[in-house]
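Residue 18 is where the sequence shown starts when you use my numbering, and the numbers rise one by one after that.
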Amino acid sequence: MWNCDGHLASWRTAAFSLEMDLSRPTRGISEWTRGGVKHSSMRLLSAIWQPARSSSDSETIEDCYPRGRDLIVTYAQTPERSVRPQVYWRMIVDESQGSSAGPMPLGVEWIVSMQTSFLDSQPQVDSVSDFDSADWKLESVDCYGCPAFVARPTDGKSPSILIAAHPSDCQVHQMDESSSDTVALRFRLFTESLEKGVIRRGRIRAHLLDTPSNEATIERAISQFLASEPPLTT
């Protein structure tokens with residue numbers, strides 16, 4: 018279940034846990050533990066609003082509360098950023114309900130909504146996931162037209178990580194290998210202007226894959242993602 022303590026949030030079950038500093042969305046998920054093993058050589062689902070800010074700069078949180086598998090965080094509109102972001106962190110548990118297709122891999126869905134009080138604003142946001150290039154090998158995935166990548170551990174022991182953006186939400190996606198130390202996945206959302214009274218919403222998922230060579234697991238996860246509905250409220 019989710020727990021909030023000020024700007025710090027955590028999800029804890031017997032098998033899996035993660036922690037985040039919600040006041041610094043540019044840091045995303047930088048550490049998670051599964052089966053007693055801690056993993057930290059990556060940064061998942063970080064948010065870079067426009068104009069971009071340093072990862073050490075904190076954001077003003079207007080509201081934060083858990084609701085079932087969702088953690089809802091609302092950030093303030095600022096003079097520098099003329100939009101008001103709201104993020105749902107949604108835990109994805111086994112939704113197969115006994116399906117013969119097999120269980121759904123554990124995951125986290127990042128759902129961002131943008132609103133503004135101005136007649137015109139620029140809501141662009143990049144969701145970036147970074148991986149230590151010594152520990153991870155990344156490859157693109159061609160599945161249902163969904164922008165997706167799989168990060169596979171070089172040690173062959175950790176779970177692989179599938180990251181996918183909903184194709185109706187993502188305007189640009191790329192894998193950046195320009196750094197000698199890290200490989201970055203970047204998904205760009207909301208490249209068009211936003212006006213008052215309109216809500217724009219985008220979704221990205223990350224799944225842990227226990228069977229990295231099983232293409233059926235990847236297809237099942239992406240298929241369920243594409244068929245799922247975003248939150249109705251904001």
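Heads up, the beta-carbon is just placed ideally off N, CA and C, and yes, glycines get one too.
Reference residue i, options the options, closest by Cα
| i | options | result |
| --- | --- | --- |
| S196 | A151, Q103 and P122 | A151 |
| E48 | D147, P247 and H56 | H56 |
| E236 | Y161, S146 and E36 | Y161 |
| W66 | V54, I89, P42 and P83 | P42 |
| M37 | G53, L243 and V90 | V90 |
| E194 | K154, L25, L225 and G85 | K154 |
| P68 | S245, Q94 and L202 | Q94 |
| V110 | S34, G53 and M192 | S34 |
| L25 | A64, V54, G53 and S75 | S75 |
| S40 | R86, L226, I128 and R70 | R70 |
| K213 | W19, S138 and G173 | S138 |
| R84 | Q241, E97 and M18 | M18 |
| E156 | I178, D172 and D227 | I178 |
Sub-8 Å separation of residue i and residue j beta-carbons
| i | j | result |
| --- | --- | --- |
| L61 | I78 | no |
| A32 | R44 | no |
| P263 | L211 | What is shown of the chain runs 18 to 251, which leaves residue 263 out entirely. |
| D143 | S58 | no |
| I239 | S130 | no |
| W106 | L88 | yes |
| L202 | C187 | no |
Helix, strand or coil at residue i according to DSSP, with G and I counted as helix
| i | result |
| --- | --- |
| R41 | coil |
| S116 | Note that S116 scores 48 on pLDDT, short of 50, meaning its location in the model is unreliable; the coordinates nonetheless yield the value given after this. Three-state DSSP puts S116 in coil, outside helix and strand. |
| A165 | strand |
| S95 | Here residue 95 turns out to be Thr, not Ser, going by the sequence shown. Reduced to three states, the DSSP call for T95 is coil. |
| I216 | coil |
| T234 | helix |
| S240 | helix |
| L136 | coil |
| P247 | coil |
| W28 | strand |
| S47 | coil |
| M18 | coil |
| F204 | strand |
| V189 | strand |
| T77 | coil |
Burial state of residue i, where buried means 16 or more other Cβ atoms lie within 10 Å
| i | result |
| --- | --- |
| A234 | Residue identity check: residue 234 is Thr in the sequence provided, not Ala. Buried: at least 16 other Cβ atoms inside 10 Å. |
| T133 | buried |
| M121 | buried |
| Y92 | buried |
| S146 | buried |
| Q114 | Summary for Q114: the model assigns pLDDT 47, below 50, so the residue's position carries little reliability; its value from the coordinates is reported in the next sentence. It counts as exposed. |
| V100 | buried |
| F135 | exposed |
| A314 | The question about residue 314 has no answer, for the chain in this structure spans 18 to 251. |
| S175 | buried |
| V54 | exposed |
Cβ-heavy atom distance, residue i to the ligand GDP, below 7 Å
| i | result |
| --- | --- |
| I178 | This structure lacks the ligand GDP, and indeed carries no ligand of any kind. |
Kindly confirm or deny that the stretch 177–189 and the stretch 202–221 touch, where touching means at least three C-beta pairs closer than 8 Å.
Contact between the stretch 177–189 and the stretch 202–221 is present, because at least three Cβ pairs lie under 8 Å.
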